[in-house]
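Each residue of the sequence shown is one higher than the one before, starting from 172 at the first, in the working numbering. Data block below; observations after.
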Amino acid sequence: MSKSNINRASVSALDDILGKTFPVLDHGHVRVIDYMGDDAAIVQAARVSYGAGTKKVHEDRGLIRYLMRHGHTTPFEMCEIKLHVR
Numbered sequence: 172m173s174k175s176n177i178n179r180a181s182v183s184a185l186d187d188i189l190g191k192t193f194p195v196l197d198h199g200h201v202r203v204i205d206y207m208g209d210d211a212a213i214v215q216a217a218r219v220s221y222g223a224g225t226k227k228v229h230e231d232r233g234l235i236r237y238l239m240r241h242g243h244t245t246p247f248e249m250c251e252i253k254l255h256v257r
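Encoded structure:
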């Protein structure tokens, strides 16, 4: 996985393992996909959580504003770190 040039808080230990797969038990693994995401990460988390119908109703900026106005804060919390766990 290539490291992107995102202007964000950076942790060198996380950058070193970004995209690296760590085996867990017999058939599982954990991988850090991203951390300290941007607006796109918030929108992606919201659409995964609330379903495909939000794509037609809101543009990205509008969706973020809607989430804040209505107190739906979980998508904002999800962009802190994104893991793939199997």
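Every residue, glycine too, gets a C-beta built ideally from N, C-alpha and C.
**Asked** Whose C-beta lies closer than 6 Å to the C-beta of His255 among residues of the same chain, with five residues either side of it excluded?
**Response** Cβ within range, chain order: Arg202, Ile204.
**Prompt:** In three-state terms, what does DSSP make of Gly242?
**Reply:** Coil.
**Request:** Compute the Euclidean distance between the alpha carbons of Gly199 and Phe247, then round it to the nearest angstrom.
**Result:** The C-alpha of Phe247 is placed about 27 Å away from the C-alpha of Gly199.
**Item:** Cα-Cα separation between Val228 and Arg236, rounded to whole angstroms
**Value:** Unreliable placement is indicated for Val228, whose pLDDT of 48 sits below 50; the coordinate value is still reported in the next sentence. Between Val228 and Arg236, the alpha-carbon positions lie close to 13 Å from each other.
**Prompt:** Is the beta carbon of Leu234 less than 7 Å from the beta carbon of Val214?
**Reply:** The criterion of a C-beta distance shorter than 7 Å is satisfied by Leu234 and Val214.
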